[in-house]
Structure formats: structure tokens, C-alpha cells
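Taken in order, these protein sequences are the chains called A and B. In terms of the UniProt record's numbering, the first sequence has 240 at position 240, counting the first letter as 1, and numbering is strictly consecutive. In terms of the UniProt record's numbering, the second sequence has 312 at position 312, counting the first letter as 1, and numbering is strictly consecutive. Glycine included, C-beta positions come from ideal geometry on N, C-alpha and C. Below is one structure; the comments refer to it alone.
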Amino acid sequence: MIAYLGRRVIQSVLILLGVSLITFALLYLLPADPVRQIAGRSATPETVENIRRQLGLDQPFAIQYWHYLTSLLSGDLGRSYIQRSEVTELIVSRLPASLLLMVGAILCELTIGLTMGLLAAVRRGTATDQTLMVASFVGVSAPQFVVGLLLLYVFAVRLGWFPIGGYGTWRHLVLPSLTMGILGAGWYARMMRSSMIDVLRQDYMRTARAKGLARGAIIFRHALPNAILPVVAMIGIDIGIFMGGIVVVESVFGWPGIGQLAWQAIQRVDIPIIMGVTLVSAFAIVLGNLLADTVAPFIDPRIKLR
Amino acid sequence: MSKGVTSKRTGVFAPAVSTTAGPVLEISGLTVSVRGEDGERPVVSDLSFSLARGETLCIAGESGSGKSMTALAIMQLLPQPAARIDSGTIRLRARDRGDMDRSDIDLALLDERRMRHIRGDRIAMIFQEPMTSLNPVLSIGRQLIESIEAHTGLSRAEARRRAIEALKAVRIPEAESRLKQYPHELSGGMRQRVMIAMALALKPDVLIADEPTTALDVTVQGEVLELLRDLQREHGTSVILITHDMGVVAEMADRVIIMRHGRMIEEGTAADIFARPQADYTRELLAAVPRIGTGVGRRKSVESEMRGSVAVVNDLHVRFDLHGGFFGRVNRRVHAVEGVSFSIAPHETLALVGESGCGKSTTAKALAGLVPYHGDIVIGGRNLAGLGRDERKAVRRDVQMIFQDPYASLDPRMRVGDLVAEPLLIHGIASKEERGQLVAALFERVGLSADQMELYPHEFSGGQRQRICIARALALRPKLIIADESVSALDVSVQARVLDLLKELQREFGVAYLFISHDMAVVENISDRVAVMYLGQIVEMGTRDQVFSNPRHPYTRRLIEAVPVPDPARRRPRFARLDQEIPSPTRKIGEDPPKLALKDLGNGHLVAVS
Numbered sequence: 001m002i003a004y005l006g007r008r009v010i011q012s013v014l015i016l017l018g019v020s021l022i023t024f025a026l027l028y029l030l031p032a033d034p035v036r037q038i039a040g041r042s043a044t045p046e047t048v049e050n051i052r053r054q055l056g057l058d059q060p061f062a063i064q065y066w067h068y069l070t071s072l073l074s075g076d077l078g079r080s081y082i083q084r085s086e087v088t089e090l091i092v093s094r095l096p097a098s099l100l101l102m103v104g105a106i107l108c109e110l111t112i113g114l115t116m117g118l119l120a121a122v123r124r125g126t127a128t129d130q131t132l133m134v135a136s137f138v139g140v141s142a143p144q145f146v147v148g149l150l151l152l153y154v155f156a157v158r159l160g161w162f163p164i165g166g167y168g169t170w171r172h173l174v175l176p177s178l179t180m181g182i183l184g185a186g187w188y189a190r191m192m193r194s195s196m197i198d199v200l201r202q203d204y205m206r207t208a209r210a211k212g213l214a215r216g217a218i219i220f221r222h223a224l225p226n227a228i229l230p231v232v233a234m235i236g237i238d239i240g241i242f243m244g245g246i247v248v249v250e251s252v253f254g255w256p257g258i259g260q261l262a263w264q265a266i267q268r269v270d271i272p273i274i275m276g277v278t279l280v281s282a283f284a285i286v287l288g289n290l291l292a293d294t295v296a297p298f299i300d301p302r303i304k305l306r
Numbered sequence: 001m002s003k004g005v006t007s008k009r010t011g012v013f014a015p016a017v018s019t020t021a022g023p024v025l026e027i028s029g030l031t032v033s034v035r036g037e038d039g040e041r042p043v044v045s046d047l048s049f050s051l052a053r054g055e056t057l058c059i060a061g062e063s064g065s066g067k068s069m070t071a072l073a074i075m076q077l078l079p080q081p082a083a084r085i086d087s088g089t090i091r092l093r094a095r096d097r098g099d100m101d102r103s104d105i106d107l108a109l110l111d112e113r114r115m116r117h118i119r120g121d122r123i124a125m126i127f128q129e130p131m132t133s134l135n136p137v138l139s140i141g142r143q144l145i146e147s148i149e150a151h152t153g154l155s156r157a158e159a160r161r162r163a164i165e166a167l168k169a170v171r172i173p174e175a176e177s178r179l180k181q182y183p184h185e186l187s188g189g190m191r192q193r194v195m196i197a198m199a200l201a202l203k204p205d206v207l208i209a210d211e212p213t214t215a216l217d218v219t220v221q222g223e224v225l226e227l228l229r230d231l232q233r234e235h236g237t238s239v240i241l242i243t244h245d246m247g248v249v250a251e252m253a254d255r256v257i258i259m260r261h262g263r264m265i266e267e268g269t270a271a272d273i274f275a276r277p278q279a280d281y282t283r284e285l286l287a288a289v290p291r292i293g294t295g296v297g298r299r300k301s302v303e304s305e306m307r308g309s310v311a312v313v314n315d316l317h318v319r320f321d322l323h324g325g326f327f328g329r330v331n332r333r334v335h336a337v338e339g340v341s342f343s344i345a346p347h348e349t350l351a352l353v354g355e356s357g358c359g360k361s362t363t364a365k366a367l368a369g370l371v372p373y374h375g376d377i378v379i380g381g382r383n384l385a386g387l388g389r390d391e392r393k394a395v396r397r398d399v400q401m402i403f404q405d406p407y408a409s410l411d412p413r414m415r416v417g418d419l420v421a422e423p424l425l426i427h428g429i430a431s432k433e434e435r436g437q438l439v440a441a442l443f444e445r446v447g448l449s450a451d452q453m454e455l456y457p458h459e460f461s462g463g464q465r466q467r468i469c470i471a472r473a474l475a476l477r478p479k480l481i482i483a484d485e486s487v488s489a490l491d492v493s494v495q496a497r498v499l500d501l502l503k504e505l506q507r508e509f510g511v512a513y514l515f516i517s518h519d520m521a522v523v524e525n526i527s528d529r530v531a532v533m534y535l536g537q538i539v540e541m542g543t544r545d546q547v548f549s550n551p552r553h554p555y556t557r558r559l560i561e562a563v564p565v566p567d568p569a570r571r572r573p574r575f576a577r578l579d580q581e582i583p584s585p586t587r588k589i590g591e592d593p594p595k596l597a598l599k600d601l602g603n604g605h606l607v608a609v610s
């Protein structure tokens with residue numbers, strides 16, 4: 001177990017290094033010039049060159065990357081070009097909001113998705129099953145900004161149950177979490193259904209019935225832990241999809257998280273922030289996968305981590 | 001649709017007068033049908049029988065005879081919503097103790113909630129596949145305890161005590177510590193014992209065992225059957241044993257029902273059925289059963305000895321590395337095959353026998369080039385080790401394989417004619433028209449017709465599919481065909497015909513067989529020579545007569561003794577129990593298993609000396 005974790009941590013660090021290199025290279029090759037953005041349209045060529053030298057952007061790629069990497073290892077993500085503050089500070093101040101949104105979204109999609117999938121599998125072939133599957137299909141295929149605007153219109157503008165945007169109370173959290181969660185709920189419903197149907201066919205389910213167990217015990221004690229395993233692995237991967245969704249959803253709802261920060265930075269070619277957000281996202285994905293894999297043996301005793 | 005003779009929807013009969021004597025379960029006019037693509041089809045028709053207290057009733061028949069459906073109907077566990085009981089009654093006699101169940105119950109009319117109290121408590125069931133019948137994520141203890149708790153008001157601690165008792169009753173050593181184990185940590189035999197413990201923990205009136213030993217190795221089968229018999233004697237449980245194996249029937253049954261196509265063909269005491277079968281089908285079924293000691297002496301052609309060997313295997317090793325530790329280095333190894341040597345002559349059938357995990361299939365795979373190996377494999381006089389890719393491919397043409405499961409070994413999306421033609425195509429033999437003719441001829445030869453070439457595999461029965469596999473193996477006119485448990489999945493009557501076909505083809509084409517099987521009776525029927533494998537090594541090898549008439553290695557003897565004899569008059573004395581399970585072939589790096597030396601007892605009868 002410890003050996004396994006050690007190996008996985010080393011792998012994770014290598015993955016993060018790779019991500020940093022690729023992102024850095026992509027941003028270096030970008031045709032947009034950050035210096036022009038900073039200096040403004042009226043700046044003289046000397047000013048531009050001055051700024052370029054100050055930021056170290058006149059150095060060759062390898063040296064720029066080396067500088068970035070060495071400061072990264074001491075926890076320094078550099079300074080924002082535009083906002084004149086430390087990227088680490090910017091991210092740290094906005095991370096809690098995003099994490100909160102993520103937790104809300106995961107709760108939403110797991111409760112909605114797993115319940116739908118479970119119900120559809122148990123009622124397989126009935127009208128309930130078909131309705132739920134159509135609903136999940138809609139959830140999967142609806143673009144998040146459409147879902148977000150729709151929810152805003154119905155529940156905030158028309159009904160006035162929730163605020164239109166912003167951050168602060170649990171009411172602010174509901175609509176953004178739901179918007180993020182509906183996409184995942186669709187996926188989880190479909191996955192849970194097929195996984196559950198597969199499990200219900202297994203010989204040990206017949207054994208459980210032959211023992212005379214109650215229906216609840218059969219489904220929740222015997223079927224669910226077996227069916228949920230592939231779903232747990234999915235949660236790890238899901239965090240990656242979240243990071244994409246966060247940019248859209250935070251903009252729609254004016255949620256002050258790192259998604260919004262990233263969106264602003266992309267518009268202004270604020271490379272240190274883009275790098276920082278990308279690395280934090282990559283870190284979250286790697287951590288999520290590691291957690292999902294570590295939890296698996298607790299659900300299925302056949303899985304050994306080595 | 002009328003539901004049997006009782007009109008009461010409650011399903012409760014009037015209180016019985018006497019409950020001590022008479023049948024515990026009475027089934028009359030039971031008809032079960034399954035809805036399929038082509039409408040409703042009866043799988044059990046008008047079946048009536050009764051089960052006396054303490055009796056063992058065997059329901060025997062081939063696949064599709066409706067024997068399992070009968071069992072599931074009694075338990076009300078028919079696959080939903082496709083199958084249902086059309087008519088008939090399943091009458092469970094009241095218990096003479098207790099207040100609750102003083103009246104007889106018609107299970108066919110019972111709703112799910114009340115049926116739940118019958119299942120596990122009054123009627124328990126064990127299934128064919130011990131490997132998959134236990135829930136992999138719940139501990140043995142949890143699964144045992146929950147079934148006790150489901151039917152009694154016992155506290156957790158008491159239920160636990162009962163569970164330990166039940167495990168001790170099925171002779172599982174260290175019962176208490178087993179409770180914490182998970183199914184995957186136990187062998188197949190152990191798991192089936194746990195299933196039996198679970199079924200008998202609540203002392204049910206009736207135990208239904210659906211092919212309980214079919215998936216087990218023959219020596220384990222012997223132990224489990226004996227256990228069932230002992231427990232039945234102790235508790236007075238009535239047992240319905242469902243099996244396709246007439247040997248098991250002879251060993252276990254008081255009474256026998258023979259079923260075919262959902263109908264009862266014959267019913268009688270075990271002695272009568274075996275000694276004086278009345279129905280033609282019963283006679284055919286009994287005649288098709290392979291028996292040890294009836295293998296007709298096969299004359300080995302002299303010329304085959306002269307012409308040398310088709311295949312020679314010398315000091316074959318197959319090992320699989322297991323990774324572990326911090327850097328994922330190899331730290332353990334499965335020693336699947338350890339220094340196996342044999343040779344096969346043209347026209348000859350060499351049987352490789354042993355129990356699961358002994359390395360017999362791995363040996364075959366190495367010979368067919370499907371796993372990497374060490375050692376020498378010489379085919380048609382050419383050592384594969386020294387050959388290049390193309391040459392190896394050419395030599396491999398001479399070795400073809402027939403697998404165990406005819407359902408899984410044919411691509412469902414290809415026409416069977418194309419499947420048989422594929423080897424010809426791969427090796428670039430013959431033009432398109434010639435291939436068609438060759439395949440047509442092969443179809444005729446294996447007992448199919450040429451116009452069936454356009455069909456898909458699912459349109460054939462298991463036996464026909466295995467014939468298709470044989471045709472495919474024959475397409476390249478190989479010198480050696482490896483048959484890996486090729487008849488194990490077939491019903492006995494089909495099995496007998498496929499074995500006959502294999503023998504005919506051998507006479508005609510002079511092909512040699514490496515016949516891999518766990519079934520000693522089948523092996524005796526088809527082989528010229530026999531090699532017995534245990535833990536990756538050959539422990540005894542010789543002609544069929546040498547091995548079967550004069551088995552010298554204790555393991556060989558044990559294997560032969562374990563085969564149930566299809567004759568109730570010759571029930572075996574108590575089967576010697578093995579105290580431990582077969583050890584694992586997995587070892588740490590550097591700890592190679594001791595190599596067995598084979599000693600010639602004369603005339604090529606080799607036996608391992610330890």
C-alpha cells in the first residue's frame with residue numbers, strides 16, 4: 001500500500017511536470033504577444049522591449065521554462081502581468097469558491113445521477129426506465145451555458161427562489177451546482193444503470209434472493225457496492241471535465257472562482273495566471289484519480305494496491 | 001390463465017392431518033413457459049412428482065430438459081419477466097413443529113413477500129457456479145450471518161455463533177477466522193462448502209442442489225458429494241439434486257427422474273433406473289455415459305511407431321512473472337509448466353489429464369504458440385526455437401486447436417463457412433472457388449451439410465458448433481490437433497458422437513491428438529497414452545492400460561477413484577478426504593519447485609518418484 005502510494009505520487013509529479021512543459025510551450029508559441037497587451041497600443045518600441053526584458057520574455061524558451069520551474073518548486077507561480085499581484089495569492093483567494101462549487105456539483109450529480117440510474121436499472125424496461133433515460137440524455141447533451149441560463153430564467157428571474165448571481169449564502173450555490181451537476185448526473189445515470197443491470201444478472205444476486213433476503217437488502221447491500229465501483233473510478237476522471245465546466249458556469253453566474261480568473265487571463269494573455277490555473281487544475285485531476293484508486297480496495301476486497 | 005387446482009388466491013391449503021409421514025414437497029401438473037422471440041414455449045410440461053422426507057431425488061437430463069427451470073419454479077426464482085408458471089401446484093407440507101406454518105402452502109400461488117420467508121428457511125438452494133455464487137464484496141461471515149438473521153430473531157452474536165457452527169458442519173477448518181475472509185480468498189471447493197453451510201444453517205426441509213459439483217474438480221466433487229450425503233443423514237433434509245452426470249446420480253440418488261424437453265421420461269428408484277431402464281431415452285442416455293473400464297482396446301498401428309513423432313516436447317517450462325514491490329519488479333512467479341516432456345506419434349492420441357491449475361492447458365497453448373516458453377518443441381522434425389517468423393508460421397499449420405467452449409470460440413458475426421475457410425485464407429491456400437469446395441467437403445465430413453455454410457454460429461446447437469470447430473481445425477490438414485476440453489461442455493449423448501467423429505477422422509487422416517481433459521472416463525475412452533499432470537509436472541505417463549489398470553502414482557489413483565461410477569450397485573466406499581488443498585504453483589523468485597524424476601517401470605510406464 002505504502003509502496004503503491006509512493007509510486008503513484010512519483011508518477012503524479014512526473015505528470016504535472018509534463019503538463020507544465022506542454023502548457024508553457026503552447027503559450028510560448030502563441031501568436032498573441034503579452035507584452036503588447038501590457039504596454040498598451042500607444043507604447044514606444046523601447047518601452048515594449050524594456051517590459052519584455054523585465055519580464056524575461058526575451059530569453060530563449062529553455063531558460064524561461066527553467067526559471068519558471070525553479071520558482072514553481074519554491075511555491076512561486078510568478079506575478080500576474082496585468083493585475084500586478086502574485087498568482088499564488090490570486091488563486092488561493094479564489095480557490096475556496098471553486099472548491100465549494102465543485103463539492104456542490106459532485107453532490108448534485110451523485111444524488112441525482114445515482115438515484116436515476118439505480119431506479120432505471122431496477123425498473124428496467126418500464127416507462128420509468130425510459131423516461132429516466134430520456135432525461136439523462138437531455139442532461140448529457142444540453143450545453144452548460146444553456147442549462148445555466150435556463151435555470152437562471154426559471155428559478156431566479158421568474159420564480160425568484162434563488163439569487164441571479166454572486167456568492168455568499170447557500171442560496172447562491174444551488175443554481176451553479178445544479179448547472180454543473182446536470183451534465184454529470186446524465187453520465188452517472190447511464191453508467192449506474194448499465195453497471196447495475198450487469199450486477200443484477202450475476203449469480204450472487206440469485207443467491208441473495210434464494211436466501212430469502214428482503215428486496216432492500218438485496219439491492220442496497222448486495223448489488224449497490226458492486227455496481228458503484230466503476231462509478232467511483234469515474235469521479236476521479238470527472239474532475240477534469242469540471243475544470244472545463246467551471247470556466248463557463250462561473251462566468252454565467254458571476255461566481256468568483258478560478259474559472260473566472262482563468263477566463264479573464266485568457267482574454268488578456270496573462271500567461272502566469274493561465275499557467276497557474278492549468279497547474280492547479282491538473283493537480284486536482286491527478287489528486288482526484290489517486291483518491292478514487294485508493295478508495296477502490298475499501299469497496300472491493302479483490303482489488304489490491306501494489 | 002388458471003393457476004392450478006386450488007382456487008384460493010391465498011395459496012393456503014386446509015391444515016394437514018398428519019405431517020410426519022408422506023411427502024414434504026408435492027408437485028403436480030407443473031407447466032412453466034418462457035416467452036421468447038418466437039412466442040411462448042413450454043420449458044416444463046405437466047410435471048408431477050413428490051419428495052419424501054429425508055429422501056434424495058435426482059432430476060437428471062441433458063441441457064434444455066427443464067431440470068433447472070423446475071428448481072427455479074419451486075423457489076419462485078424464474079427469470080423475470082420472461083418465464084412464468086402457467087399451471088400446476090407446488091405444495092410444501094406444513095412443519096409439525098412451530099405455530100406459524102401449520103397448513104400446507106402452494107408455492108405457485110404465494111406472493112413475493114411470503115415466498116421470501118420460505119426461501120432460505122424452508123427450502124434452500126445451492127447453485128452450479130461456486131466461483132460466482134457468492135457476493136465478491138461481502139465477507140463470508142456477513143453473507144452467512146445475514147441469511148440467518150433474515151429468518152430468525154437471533155442477535156448478531158448468536159447469529160455469528162450459528163454461522164461458525166454451520167461452517168464447522170461443512171468441515172471448513174478454522175471456521176472462526178474464515179468469517180473475515182472474502183470469497184476470492186477461497187478455492188472453488190471451499191466456496192461450495194460455504195454455500196452448503198449457508199443453505200443448511202437454518203435446517204431447511206428441502207435442499208435443492210442444482211449441479212452443485214459440475215464446476216468442481218473431480219476429487220473435490222467427491223468430497224462435496226460425500227459432505228452433502230453426511231449432512232443429509234444428520235439433519236434428515238430432503239434433497240433435490242439436479243445433475244447431468246449419471247455417475248453423480250448413481251452415487252447419490254434414492255429415486256431418479258429422467259427429464260427431456262421439459263417432460264418426465266421416466267421415474268423410479270436409482271437401482272431400477274440403472275438396472276432396468278424402461279424408456280428408450282433412458283437407455284440411450286445410460287449407454288452414452290463414458291465409463292472407466294469399458295474403453296475398447298485400441299490397436300496401435302505398427303507403422304505409426306516407425307514413422308517417428310509428430311510432435312516432441314522436451315523439458316518445457318512456462319512461467320508467468322508477477323510484479324510487486326515499490327518499483328514493480330518481478331518478485332514472484334507462477335510455475336505453470338515445469339519441465340514437461342512427451343512425444344506424440346502419428347495416429348496416436350495422447351491424453352493430458354489433471355485438475356484445474358495443473359498446467360495442462362498451458363502446455364497446449366505453448367505447443368500452439370500462444371504463450372512464450374522455454375525448452376524444446378519439435379514439430380514434424382523441426383525445432384520451433386531455431387526458426388524465423390515465416391517458417392514458424394508454416395510449421396504451425398501442422399498444429400491446430402479445438403477449444404472448450406463452442407459458444408465462445410466462433411465469431412458470432414461471421415458465417416460459419418467463412419470461419420472454416422479462414423485458416424486457408426490466412427495461410428494463402430487455394431483460390432476462392434477451391435476454398436468453397438474444400439469447406440463444403442469438410443462440412444460434409446464432420447456431419448453437417450454444405451448448405452449450412454451460409455448460416456451464423458448462433459443458429460447451431462453446441463454439438464454442431466463443436467463440429468464446426470473441428471472442421472476449422474481440419475481445414476489445413478494438420479498433423480496434430482490439440483483438443484482442449486473439447487467435449488467437456490457437451491451433453492453426454494452429443495459428447496459420445498463427437499468423440500466417435502474424432503476417432504473416425506483419426507483413422508481417415510492419420511491425425512494425432514493431444515487430448516486435454518479432466519474427465520477420466522472420457523480420457524479412457526479415446527486415448528492411446530495418458531500423461532497425468534500435477535502442479536505443472538507429469539507424475540505418471542504410460543499407455544492407457546498401464547495408467548488405468550495399474551496406476552502407480554497416488555495422485556493418479558486418487559483421480560481415478562474420484563470418478564463417480566454410473567452404477568448404484570457399485571457405490572464407492574467412503575472417499576478418502578484430502579486434508580489440504582492443492583498447493584499454489586506461485587512461488588517467490590529463486591524458490592523453484594523441486595523437480596520430479598520419472599522412473600520407467602517397464603514398457604514405457606513412467607512414474608514420478610519423490
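In DSSP terms, what residue 400 of chain B is bridged to = B:481
message = Looking at residue 300 of chain A: is its Cβ nearer than 8 Å to the Cβ of residue 229 of chain A?
response = yes
request  = Pull up the distance between the alpha-carbon of residue 497 of chain B and that of residue 288 of chain B, whole angstroms please.
outcome  = 9 Å
query = Which ranges does the alpha helix (DSSP H) cover as unbroken runs of at least 4 residues, wholly within the stretch 134 to 171 of chain B, from first to last along the chain?
reply = 140 to 151 and 156 to 169
task = Look at residue 344 of chain B and residue 49 of chain B and say whether their C-beta atoms are less than 8 Å apart.
result = no
task = Give me the Cα-Cα distance between residue 325 of chain A and residue 298 of chain A, rounded to the nearest whole angstrom.
result = What is shown of chain A runs 1 to 306, which leaves residue 325 of chain A out entirely.
message = For a cutoff of 8 Å on Cβ pairs, would you count residue 114 of chain A as touching chain B?
response = no
Within chain A, the residues that residue 125 of chain B reaches when beta carbons sit closer than 7 Å = 210
task = Under 9 Å between beta-carbons, which chain B residues line up against residue 226 of chain A? List them in chain order, please.
result = 135, 136 and 137
ask   = Could you give the distance in angstroms between the alpha-carbon of residue 602 of chain B and the alpha-carbon of residue 359 of chain B?
value = Looking at the two C-alpha atoms, the distance is approximately 26 Å.
task = Taking only beta-carbon positions, decide if residue 333 of chain B is within less than 8 Å of chain A.
result = no
N- and C-terminal bounds of the beta strand (DSSP E) containing residue 92 of chain B = 83 to 92
inquiry  = Can you give me the C-alpha to C-alpha distance between residue 611 of chain B and residue 334 of chain B, rounded to a whole angstrom?
reply    = Nothing in the structure corresponds to residue 611 of chain B, since chain B is present only between 1 and 610.
Close beta carbons around residue 12 of chain B, own chain, < 8 Å, minus the five adjacent residues each side = No answer about residue 12 of chain B holds up, because its pLDDT of 42 lies below 50 and its placement is not dependable.
ask   = Shorter than 8 Å from the beta carbon of residue 301 of chain B to some beta carbon of chain A?
value = Its pLDDT being 45, under 50, residue 301 of chain B is placed unreliably in this model, and the coordinates cannot settle the point.
message = Cβ closer than 8 Å: which chain A residues qualify as neighbours of residue 150 of chain B?
response = Per Cβ cutoff of 8 Å: 211, 212, 213, 214 and 217.
query = What distance in whole Å lies between the Cβ atoms of residue 79 of chain A and residue 87 of chain A, which are believed to be in contact at a cut-off of 8 Å?
reply = That pair is a contact at about 7 Å.
task = Measure how close the beta-carbons of residue 209 of chain B and residue 170 of chain B come, nearest whole angstrom, since I'm counting them as under 8 Å.
result = Residue 209 of chain B to residue 170 of chain B, Cβ: 13 Å. No contact.
message = Is it buried or exposed, residue 9 of chain A, if we count other Cβ atoms within 10 angstroms and call 16 or more buried?
response = exposed
query = Is there a Cβ from chain A that is less than 8 Å from the Cβ of residue 117 of chain B?
reply = yes
ask   = Got a sec, what are the start and stop residues for the beta strand (DSSP E) residue 29 of chain B sits in?
value = 23 to 36
key: Residue range of the beta strand (DSSP E) that includes residue 266 of chain A   = Element bounds for residue 266 of chain A: not the beta strand (DSSP E) but the alpha helix (DSSP H), 258 to 267.
task = Answer yes or no: does any C-beta atom of chain A fall closer than 8 Å to that of residue 226 of chain B?
result = no
inquiry  = Given a cut-off of 8 Å on the beta-carbon distance, is the pair residue 253 of chain B and residue 56 of chain B in contact?
reply    = yes
inquiry  = I'd like to check one pair, residue 196 of chain A with residue 223 of chain A: are the Cβ atoms closer than 8 Å?
reply    = yes
key: Neighbourhood of residue 199 of chain A by C-beta, 6 Å cutoff - its chain only, sequence neighbours within 5 removed   = 223, 226 and 227
inquiry  = So if DSSP puts residue 588 of chain B in a beta bridge, which residue, or which two residues, is it bridged to?
reply    = In DSSP, residue 588 of chain B forms a bridge with B:332.
key: Interface residues of the stretch 179 to 212 of chain A facing chain B [CB-CB below 9 Å]   = Of all residues in the stretch 179 to 212 of chain A, the ones placed with a Cβ closer than 9 Å to any Cβ belonging to chain B are 202, 203, 204, 205, 206, 207, 208, 209, 210, 211 and 212, in chain order.
query = Any Cβ of chain A within less than 8 Å of the Cβ of residue 373 of chain B?
reply = Not one chain A Cβ lies under 8 Å of residue 373 of chain B.
request  = With hydrogens ignored, establish whether the beta-carbon of residue 42 of chain A is closer than 7 Å to any heavy atom of the ligand ATP.
outcome  = As for the ligand ATP, it is missing from this structure, which has no ligand bound.
Counted within 10 angstroms of its Cβ, other Cβ atoms place residue 306 of chain B as buried (16 or more) or exposed = With a pLDDT of 48 at residue 306 of chain B, under the threshold of 50, the modelled position of that residue is not reliable, and no figure is offered here.
Residue 121 of chain B versus residue 51 of chain B: straight-line alpha-carbon distance, rounded = 17 Å
task = Below 8 Å on the Cβ atoms is my guess for residue 614 of chain B versus residue 249 of chain B; work out the distance and round it to an integer in Å.
result = Summary: the structure shown does not reach residue 614 of chain B, with chain B confined to residues 1 through 610, and so no result is reported for it.
inquiry  = Going by DSSP in three states, residue 513 of chain B sits in which element: helix, strand or coil?
reply    = strand
query = Quick one: what does DSSP say residue 200 of chain A is sitting in, helix, strand or coil?
reply = helix
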